[in-house]
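One point on numbering: in numbering that gives the first Met the number 0, the residue at position 205 of the sequence shown is 204, and numbering is uninterrupted. Below is one structure, written out as structure tokens, with a few remarks after it.
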Amino acid sequence: MKRLLTTIILFFGIASLYAQENTFWGKVNHFMTKPALVDTTRIYQPAPSFSLGLFTTGQKIGFDVDVNFMLGFNDDDWLKGLSQYSLSENLCKKLGLEVGYGNVTLGYSLEVGPRSAWKKSAFGLGIMGKSWGAKFNYSKISNPFISSMTIGQEDDESYYHDEIITEEAAILKNFTADGYYVFNNMRFAYPAAYKIGLIQRHTAGSWMLTARYMQGSLYNSPEASWDSYNMLDCFSTMQASIGGGYSVNFVPWHKDPTGSRDEGLRNLTINLTAMPVITLVNYLKTTSYEYDLDDESSALNNTGEKISKIWCYPMPNYIGSAAISLTMWRFFFSAQFTYNRFYFRSRDAFDASQMDIPDYVDDISFRGVFHDWMLKGILVYRF
0 MKRLLTTIIL FFGIASLYAQ ENTFWGKVNH FMTKPALVDT TRIYQPAPSF SLGLFTTGQK
60 IGFDVDVNFM LGFNDDDWLK GLSQYSLSEN LCKKLGLEVG YGNVTLGYSL EVGPRSAWKK
120 SAFGLGIMGK SWGAKFNYSK ISNPFISSMT IGQEDDESYY HDEIITEEAA ILKNFTADGY
180 YVFNNMRFAY PAAYKIGLIQ RHTAGSWMLT ARYMQGSLYN SPEASWDSYN MLDCFSTMQA
240 SIGGGYSVNF VPWHKDPTGS RDEGLRNLTI NLTAMPVITL VNYLKTTSYE YDLDDESSAL
300 NNTGEKISKI WCYPMPNYIG SAAISLTMWR FFFSAQFTYN RFYFRSRDAF DASQMDIPDY
360 VDDISFRGVF HDWMLKGILV YRF
């Protein structure tokens, strides 16, 4: 950790103190410190400098699936069935440091307190400008897999319900790439409530465009699957979405800075952003394991996999965020909340021609969702 911070600070220091504009380091320094072209009556830009921030986050990621079907006992007697699966983490709590110079910031965090999952890894990279921005996030969670089976209605004599938590862990992977474009970028500073580079002087808003690519998968091992109620054992989805929405910065309190060190600067900014999107590309792959029980040894053998690949129809989904920031002298505090919920579903959970389905199971429909939310608080000091 110390070596990482030392390397980052030395890099920024060399670039800012000794670089000439016609050298490589000069071009790097120019990119990091170049002021944005804005309406200065609406947006204030502090002079570029080093910044150091301490932040904490709380986050929860999960995956839920419902498979509805009809279970037949004879030609005239059919019961509704529901097979459910879920995998999620407990609340993940992290502490971290963020170092920045001009328009560039880098952060590093570690999980603290009780572990949120048996195993977890995460990576994030973001560029947040006044006109456009992009975020890349990857997470991998290994935790017990929960499944349940429900047959019939509660009042029926044949009603059945049970839930199982596997002793072995399943693996949830999720990668997302998001981008945005702000139309009114001269008067509206979208990053103002999220980072220290731009400060909104007066209330303003803008329409925005957004796009997202998501790739997610849930892997359940054959051993764990045998002990659960899975009709389908593994899932993977690929989605591409486009949409737009509106973002607004409310500024209930602002005073212009005084002095060369921004003494007396006061600014309270509240950002609300809603971004509905349409998932146009919605690809689903499902896997069902096949088993063979050896009567002599009572051993269970995995004899293969039945794989189905289908294109699901488009789905409406949602990306939203909110933040509140306060700037005092050279301190900047921001509390941020982001929320994502992405559905995928199909009238047929799989291509029946690719899988062996018993005659007594029919009318299968599928609905799943990846969901995650994050709350972040950060305190930054500008040198």
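For every residue, glycine included, the Cβ atom is placed at its ideal position computed from N, Cα and C. All values reported here derive from a predicted model rather than from experimental measurement.
DSSP state of residue i mapped onto helix, strand, coil
i, result
"residue 113", "coil"
"residue 130", "coil"
"residue 279", "strand"
"residue 143", "strand"
"residue 120", "strand"
"residue 220", "coil"
"residue 206", "strand"
"residue 289", "strand"
"residue 40", "coil"
"residue 101", "coil"
"residue 155", "coil"
"residue 364", "strand"
"residue 200", "coil"
"residue 86", "strand"
"residue 184", "coil"
"residue 267", "strand"
"residue 382", "coil"
Cβ-based neighbour list, residue i, same chain, cut-off 6 Å, excluding 5 preceding and 5 following
i, result
"residue 67", "81 and 364"
"residue 184", "129 and 130"
"residue 64", "84 and 367"
"residue 153", "none"
"residue 89", "115"
"residue 180", "131 and 208"
"residue 87", "61"
"residue 249", "202 and 269"
"residue 320", "272 and 337"
"residue 355", "For residue 355, the predicted structure reports a pLDDT of 47, less than 50, and the residue's modelled location is therefore unreliable. A value from the coordinates is still provided. So no residue of the chain qualifies."
"residue 256", "264"
"residue 370", "61 and 340"
Endpoints, the beta strand (DSSP E) within which residue i is located
i, result
"residue 176", "159-181"
"residue 191", "Segment: none, residue 191 is in no beta strand (DSSP E) and carries neither H nor E."
"residue 238", "233-254"
"residue 325", "314-327"
DSSP beta-bridge partners of residue i
i, result
"residue 371", "60 and 339"
"residue 91", "58"
"residue 376", "55 and 334"
"residue 344", "366"
"residue 306", "286"
"residue 49", "100"
"residue 274", "318"
"residue 150", "80 and 159"
For residue j and residue i, believed in contact at Cβ under 8 Å, the rounded distance
i, j, result
"residue 330", "residue 282", "Contact doesn't hold; Cβ gap of about 47 Å is too wide."
"residue 237", "residue 280", "7 Å"
"residue 149", "residue 231", "16 Å between Cβ atoms; not a contact."
"residue 335", "residue 193", "6 Å"
"residue 96", "residue 53", "6 Å"
Same chain, Cβ closer than 8 Å to residue i, five either side skipped, listed in chain order
i, result
"residue 252", "265, 266 and 267"
"residue 345", "283, 309, 311, 312, 364 and 365"
Cβ-based neighbour list, residue i, same chain, cut-off 7 Å, excluding 5 preceding and 5 following
i, result
"residue 288", "221, 224, 232, 301 and 304"
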